[in-house]
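Right, one structure below, let's go through it.
Number of protein chains: 2
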Amino acid sequence: MGERRPFQIIPIRQVDVYREVLRQLDGLVSSLRPGERLGSERELAEQLNVSRVSVREALRALESMGKVEIRRNAGTYVLDPNGSPPIEPLRMGLPVDARYLQWLAELRSAIETKVVELVGRQKVDLTPVWALLRQAGDELAARPGEDGMMDMRFEVLLARLAGNPLLIQMQRMVHRLWVASWAEAGLSPGDRHLFHAEHEGILEALEAGDVDRAMELMHDHVDRPVVERTEEDASR
Amino acid sequence: MGERRPFQIIPIRQVDVYREVLRQLDGLVSSLRPGERLGSERELAEQLNVSRVSVREALRALESMGKVEIRRNAGTYVLDPNGSPPIEPLRMGLPVDARYLQWLAELRSAIETKVVELVGRQKVDLTPVWALLRQAGDELAARPGEDGMMDMRFEVLLARLAGNPLLIQMQRMVHRLWVASWAEAGLSPGDRHLFHAEHEGILEALEAGDVDRAMELMHDHVDRPVVERTEEDASR
DNA sequence: TTGATCGATTGGTCAGTCCACATATAATAG
DNA sequence: CTATTATATGTGGACTGACCAATCGATCAA
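Sequence lines, in order, name chains A and E. End of the first sequence sits at 236 in the numbering used here; the numbers just go up one at a time, nothing left out. End of the second sequence sits at 1236 in the numbering used here; the numbers just go up one at a time, nothing left out.
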């Protein structure tokens, strides 16, 4: 090659088609409301001037991110960003054993006590919680066997009153992990009558303005020793 | 159609190729160690007896889940499952303002106080933390301007001592959110000398066995009022 | 030994094709 | 007219075969 270079050689802008498609479709999804339908794969491909394959790969990525739902023969639809967050990032593929359940309980306790603290400090109106609790008491008397997810509903409502969306989201993740893990371990959810009584105790402490006591009660309510224990947990 | 039906018609089991490929590749990834290479797309496709397209879609999903890294012209490699978890599920696209930073601080406080509590209750050896703190003090004296991520390193080490992987993972997520948010808001990280002193205070309380005081110190250390405030935060 | 070259491999992308299923529309039997 | 049945169309799912650009090694020449 000669040393004279009459033309300035500029590297061609290498667009990573897939990334770009993902970026644009992600933006499109954000601009749409939950339930709305994206164009068909063929439409999107044509508008973006890329092949259907690239669109499909991007949609798969969005799907695995939980942002979008792909319905066979029906189209792709935007999901509610507040709907059940993924728990894989937290789970980390750890085996569900007694130790794991203890870790989970500690996590729950960290969050729930914070919720109680925030609710207590802000002196919010607790009437809806009392209403929920009373309804739960009626259900408990009528159908003692039913599950009803009372524990969950109580704490979700409380977290909502705390007014911290990040805390709510985190609670959602931990709760999902919680139910999944207990189901996987095949353990019973516990004494619902005891739970109900403890809920009342926490609420009463909150109403009385005794935040510290409410936090302590919540801590004991959530972070109790796991009944079934494996062999290596003999100590302590 | 006649009412006589000599043949029993059984619906053919329609396997969803993509799901099945994803399932199997996910299992393969779990069985491999971080850094290991999956077979080439063509190999995997042949082994699974599916097309390259299906393999690629599954790999994209695994990639967006952070389980795998696809390197152009080089292959697909298993990622460290402990490496920086995704923060999208927590972030929820919320705007970063003073309120948001307050929420984040509350989340941090929930986790960090729990960490302190666990460390305190287990009476673990705090020598490595002291070592870290001393080193940080030296750095602080030598290069006061440097960042060094001390706050982070201190709390990560403490969380490790607490021995709860779920808590550690959650802390990772919140920390990533924390640094990202403060950077986005364009705020200064704060008085590093003060932080250092507070770290020492927390450690001293832990060493003295005063768990409650350590928790309180950590709470105040993390959940302090945000300096810059927006207009609508006049109240309170 | 050093440097250039060639070829095989790999992920990225594409066009085109076929399939199964769903929905809406049109045709038909009652 | 109604109700049922064909039919047409659109959708995501999957496959094939091909080409590209970058990378890495081996081979070959200076």
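Ideal Cβ positions, reconstructed from N, Cα and C, are used throughout, including at glycine. Quick caveat, the model's predicted, so the values are computed rather than measured.
A straight-line Cα-Cα distance of about 42 Å links V17 of chain A and S1109 of chain E. In this structure R52 of chain A is in contact with R42 of chain A, their Cβ atoms being roughly 6 Å apart against a cut-off of 8 Å. For the segment 103-115 of chain A, the residues whose beta carbon sits under 8 Å from a beta carbon of chain E are, in order, W103, L104, E106, L107, S109, A110, I111, T113 and K114. Look at A61 of chain A: its C-beta is under 8 Å from a C-beta on chain E. Closer than 7 Å at the C-beta level to chain A, one finds these residues of the segment 1040-1062 of chain E: V1053, R1056, E1057, R1060 and A1061.
Assigned with DSSP and collapsed to three states, I87 of chain A falls in coil, not helix or strand. Interface annotation, P1165 of chain E: in contact with chain A, CB-CB separation under 8 Å. Residue burial annotation: N1049 of chain E is exposed, with fewer than 16 other C-beta atoms found within 10 angstroms of its C-beta. The segment 97-108 of chain A makes no contact with the segment 1173-1193 of chain E: fewer than 3 CB pairs, one atom from each, lie closer than 8 Å.
Taking 8 Å as the upper bound on Cβ-Cβ separation, chain A lies near residues P1085, P1086, E1088, P1089, L1090, M1092, G1093 and L1094 of the segment 1085-1098 of chain E.
Residue pairing from DSSP places V1078 of chain E in a beta bridge opposite E:V1068.
P1095 of chain E sits exposed, since fewer than 16 C-beta atoms from the chains shown fall within 10 Å of its C-beta.
Distance from the Cα of L1090 of chain E is smallest, within the candidate group E:G1039, E:Q1171, E:A1061 and E:R1060, for E:Q1171.
With the rule of 3 Cβ pairs closer than 8 Å, the segment 54-62 of chain A counts as touching the segment 18-28 of chain A. If the five residues before and after R121 of chain A are omitted, its C-beta is found closer than 7 Å to the C-beta atoms of V211, all from its own chain and listed in chain order. Within the model, the alpha-carbon separation for E69 of chain A versus G93 of chain A is close to 24 Å. A distance below 8 Å between beta-carbons, with the five flanking residues on each side excluded, links L1132 of chain E to the following residues of its chain, in chain order: R1153, F1154 and L1157. In this structure, A:H221 is the residue among A:G186, A:E207, A:E216 and A:H221 with its C-alpha nearest to the C-alpha of E198 of chain A. Along the length of the segment 148-185 of chain A, whole alpha helix (DSSP H) runs at least 4 residues long occupy 150-162 and 165-185, reported in chain order. Interface residue (Cβ-Cβ distance to chain A less than 8 Å): P1081 of chain E is classified as such. Proximity of M170 of chain A to chain E, defined by a Cβ-Cβ separation below 8 Å, is satisfied.
Secondary structure of R1224 of chain E (DSSP, three-state): coil. Taking the beta carbon of S64 of chain A as reference, the chain E residues within 7 Å of it are A1061, S1064 and M1065, listed in sequence order.
For the segment 116-129 of chain A, the set of residues with a beta-carbon nearer than 7 Å to any beta-carbon of chain E comprises L118, in chain order.
Cβ proximity to chain A below 8 Å picks out Y1018 and S1030 from the segment 1015-1033 of chain E. Per DSSP, V1050 of chain E lies in no alpha helix (DSSP H) and is assigned neither H nor E.
Secondary structure note for R33 of chain A: it is in no alpha helix (DSSP H), with a DSSP letter that is neither H nor E. Taken through DSSP and simplified to helix, strand or coil, K1123 of chain E comes out as coil.
Assignment of R143 of chain A by DSSP, reduced to helix, strand and coil, places it in the coil class. Counting C-beta pairs closer than 8 Å gives three or more between the segment 61-75 of chain A and the segment 1062-1082 of chain E, which meets the contact rule.
About 6 Å separates the CB atoms of E106 of chain A and N1164 of chain E; that is less than 8 Å, so the two are in contact.
In the structure shown, D26 of chain A falls within a helical segment according to DSSP collapsed to helix, strand and coil.
Taking the Cβ atoms as the reference, G35 of chain A lies roughly 6 Å from Y77 of chain A, within the contact range of under 8 Å. A residue is called buried once 16 or more other Cβ atoms fall within 10 Å of its Cβ, and L194 of chain A, having fewer, is exposed. Its chain contains L1158, A1159 and A1162 as the residues whose beta carbon lies nearer than 6 Å to that of V1115 of chain E, once the 5 sequence neighbours on both sides are disregarded; these appear in chain order.
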